[in-house]
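A.B. asks: Here the sequence shown is numbered in the numbering used here, starting from 5 and rising by one per residue. C-beta: ideal position from N, C-alpha, C; glycine also.
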Amino acid sequence: MIKQYRLANNLSQEELAEEIGISWRQLQRLEYNEENTRISTFKKIVKALDVSDEEIIKFIRK
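1. Going by Cα to Cα distance, which pick from N13, T45, M5, K62 is closest to I24?
2. From what residue to what residue does the alpha helix (DSSP H) around V50 run?
3. Only counting the same chain, and skipping five residues up and downstream in sequence, which positions put a Cβ closer than 7 Å to that of K7?
4. If I follow the unbroken alpha helix (DSSP H) through L60, where does it start and stop?
5. For K48, which residues of its own chain have a beta-carbon under 6 Å away from its beta-carbon, when the five flanking residues on both sides are left out?
So, in structure tokens, the structure goes:
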């Protein structure tokens with residue numbers, strides 16, 4: 005989900021990572037579900053990518 009929204013917003017991993025205050029490597033691991041994240045980081049990602057509540061719920065229910 006993160007990668008799809010990042011690309012839709014024309015952001016590189018480096019740009020998004022810098023915006024939310026994490027390393028691009030951590031963001032890469034999150035995009036490939038290799039790492040879990042804290043809710044505070046998830047909130048920053050959702051806000052930066054302007055993801056709707058409905059999309060988050062769809063993702064969680066999968």
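C.D. replies: Reading it off the structure:
1. As a working note, residue 24 is residue 20 in the sequence shown. Out of N13, T45, M5, K62, T45 has the C-alpha closest to the C-alpha of I24.
2. For the purposes of this step, residue 50 is taken as residue 46 along the sequence shown, with counting starting at 1. Its alpha helix (DSSP H) spans residues 43-53.
3. Translated into positions along the sequence shown, residue 7 becomes position 3. Correct list, in chain order: E35.
4. As a working note, residue 60 is residue 56 in the sequence shown. This sequence places Ile at residue 60; Leu is not what is there. First-last of the alpha helix (DSSP H) with I60: 57-65.
5. Within the sequence shown, the letter at position 44 stands for residue 48. Excluding residues within five positions, the ones whose Cβ falls inside 6 Å are I24.
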